[in-house]
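Worksheet for the structure shown next.
Residue numbers (our numbering): 35 to 575.
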């Protein structure tokens with residue numbers, strides 16, 4: 035089963051830049067800002083009460099024009115809601131309005147005219163029901179001059195507006211309009227940072243431990259004078275896969291094709307297909323990690339070392355057979371109930387175990403391949419997050435990550451944590467590729483350190499981890515400075531990680547060895563029997 039994971043790696047790598055490291059807010063580069071019409075677009079909460087009983091809360095968007103909407107809930111007034119007559123509010127209302135909020139329909143005249151008519155009639159605010167199910171930005175035309183509007187305007191999507199209008203038939207309706215600010219530091223981002231760093235830490239140590247065990251086995255074979263099997267790989271095992279330069283460069287082409295396919299075919303059925311693929315990979319990752327952990331116990335070790343031949347899979351341990359049903363049930367339950375509030379826990383467990391398993395199996399052989407892979411991912415991230423807007427009129431990466439055109443919260447190849455203290459809710463997210471691709475290079479660093487018998491401070495692993503953590507931290511800082519607009523994490527992580535590696539290698543005089551061989555120079559103290567008369571030491575890689 036482990037041999038199928040490189041294919042999963044391609045899928046994960048294709049989603050490398052989907053880690054906008056946070057939720058994504060629509061940007062606006064076209065709506066003009068002119069005097070009297072220069073507000074930022076903000077989401078607005080519309081809380082309702084019917085006959086003094088709290089009812090539904092709706093979310094709309096504020097207009098470019100008018101005063102700014104109150105941000106503190108305690109300072110926002112509860113105001114009576116009236117249905118405008120005529121409903122379009124393009125002409126003065128027939129009923130008297132005294133400080134109430136008018137609910138009006140979109141159409142027949144401009145947004146600014148509706149607001150002016152409502153203000154002239156004595157309304158304190160205006161809520162406009164859109165004629166479509168999406169939110170729409172209420173802007174001003176470039177040639178408008180009379181924009182001295184003194185009441186706030188909020189647009190609701192069609193379904194929310196219809197529900198609000200129906201509440202008016204149940205009695206007196208009060209509404210409260212406010213737009214709470216997001217917290218400066220989101221605790222979800224802190225936990226997501228710890229999750230990403232911890233995943234790479236665990237995966238790197240497992241990869242290095244596996245490589246060291248293989249080296250010890252090789253040393254035993256040499257010491258006992260046995261022939262080394264042809265499929266035995268120094269510093270690893272036959273179950274591991276090395277990435278070469280061609281694969282690293284081809285990554286950007288395959289990933290781009292896959293991303294375009296996601297963008298063009300994004301629909302409910304296609305997301306369901308991605309969920310199935312994710313569950314299959316998650317089962318494999320969860321099973322591999324559980325078997326490795328349980329094998330460390332004396333109680334389960336005999337079952338891990340006893341094998342039975344299974345059709346299509348070959349020799350499989352009894353422990354794997356025992357763990358597999360649990361993993362399948364776990365993944366299926368997540369797939370069925372993934373829309374529930376706490377389903378993110380199952381998604382993160384499946385995602386983390388899959389990433390750890392891939393980093394343990396797939397290896398970067400040297401710094402040259404690692405630099406090529408991350409550089410391609412770096413360019414891929416920048417192109418599909420920023421430059422793709424020029425070709426597709428929207429950021430392809432962000433549209434796919436957000437799950438537009440579907441009723442899902444996005445593709446499943448993401449780690450996410452809910453914003454617990456954010457009044458707007460939502461999730462902080464990071465894509466698999468933002469952990470997996472740098473993790474491959476960091477795991478290489480630890481394998482090299484252990485093979486060279488370096489200490490933590492004199493090696494490369496510690497400083498690579500610091501560089502990765504710093505790059506991811508800068509990503510979150512940029513995310514908050516840019517008001518939550520999606521950020522490609524690899525834009526910051528790749529320069530930090532590669533430059534740290536290159537600088538340390540150059541300073542220590544080991545860059546050439548890191549760049550080409552990827553293994554320290556070692557002198558083999560055990561000579562093969564056929565070479566026992568030779569006086570020259572045999573170098574082993």
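Ideal placement from N, C-alpha and C gives every residue a C-beta, glycine not left out.
According to DSSP, which residues form a beta bridge with residue i?
i: residue 280; result: Note: residue 280 sits in no beta bridge, so no partner.
i: residue 239; result: DSSP lists no partner for residue 239.
i: residue 462; result: 451
i: residue 397; result: 276
i: residue 351; result: 341
i: residue 296; result: Beta-bridge pairing links residue 296 to no other residue.
i: residue 113; result: 209
How would you label residue i, buried or exposed, when you count the other beta carbons within 10 angstroms and need 16 or more for buried?
i: residue 312; result: buried
i: residue 135; result: buried
i: residue 367; result: exposed
i: residue 347; result: exposed
i: residue 491; result: exposed
i: residue 555; result: exposed
i: residue 361; result: buried
i: residue 303; result: exposed
i: residue 404; result: buried
i: residue 180; result: exposed
i: residue 190; result: buried
i: residue 499; result: buried
i: residue 363; result: exposed
i: residue 371; result: exposed
i: residue 483; result: buried
i: residue 148; result: buried
i: residue 132; result: exposed
i: residue 634; result: Absent from the model: residue 634. The displayed extent of the chain is 35 to 575, so no value can be given.
i: residue 533; result: exposed
With H, G and I counted as helix, E and B as strand and the rest as coil, what does DSSP make of residue i?
i: residue 81; result: strand
i: residue 252; result: helix
i: residue 335; result: helix
i: residue 513; result: helix
i: residue 634; result: Any answer about residue 634 is impossible in this case: the structure gives the chain only from 35 up to 575.
i: residue 108; result: helix
i: residue 89; result: strand
i: residue 374; result: coil
i: residue 95; result: strand
i: residue 427; result: coil
i: residue 526; result: helix
i: residue 540; result: helix
i: residue 103; result: coil
i: residue 445; result: coil
i: residue 480; result: helix
i: residue 501; result: helix
i: residue 366; result: helix
i: residue 583; result: An answer regarding residue 583 cannot be provided, because it is not within the stretch 35 to 575 covered by the chain.
i: residue 346; result: coil
How many angstroms separate the CA atom of residue i from the CA atom of residue j?
i: residue 203; j: residue 70; result: 36 Å
i: residue 193; j: residue 82; result: 15 Å
i: residue 344; j: residue 330; result: 24 Å
i: residue 485; j: residue 535; result: 17 Å
i: residue 470; j: residue 227; result: 14 Å
i: residue 350; j: residue 356; result: 11 Å
i: residue 211; j: residue 503; result: 40 Å
i: residue 107; j: residue 213; result: 8 Å
i: residue 124; j: residue 217; result: 39 Å
i: residue 48; j: residue 164; result: Confidence at residue 48 is low in this model, with a pLDDT of 46, below 50, so the placement of that residue should be treated as unreliable; the coordinate-derived value is given next. Taking the straight line joining both Cα atoms gives about 37 Å.
i: residue 547; j: residue 342; result: 43 Å
i: residue 521; j: residue 252; result: 45 Å
i: residue 32; j: residue 235; result: This structure gives no information on residue 32, because the portion of the chain shown stretches from 35 to 575.
i: residue 552; j: residue 97; result: 58 Å
i: residue 7; j: residue 310; result: For residue 7 there is no data in the structure shown, the boundaries of the chain being 35 and 575.
i: residue 376; j: residue 324; result: 22 Å
i: residue 327; j: residue 167; result: 49 Å
i: residue 153; j: residue 120; result: 15 Å
i: residue 145; j: residue 373; result: 36 Å
i: residue 292; j: residue 406; result: 20 Å
i: residue 413; j: residue 526; result: 12 Å
i: residue 300; j: residue 473; result: 29 Å
i: residue 316; j: residue 237; result: 15 Å
i: residue 386; j: residue 233; result: 7 Å
i: residue 545; j: residue 529; result: 17 Å
Can we count residue i as close to the ligand MG, meaning its CB is less than 7 Å from some heavy atom?
i: residue 480; result: The ligand MG is not part of this structure, which contains no ligands at all.
*asked:* Quick check on the DSSP output: what are the complete alpha helix (DSSP H) runs of length 4 or more inside the segment 190–229, in order along the chain?
replied: Whole alpha helix (DSSP H) segments, 4+ residues: 192–201.
*Any chance you could list the beta strand (DSSP E) runs of at least 3 consecutive residues sitting entirely within the segment 119–188, in chain order?*
Fully enclosed beta strand (DSSP E) runs of 3 or longer: 135–139, 159–163.
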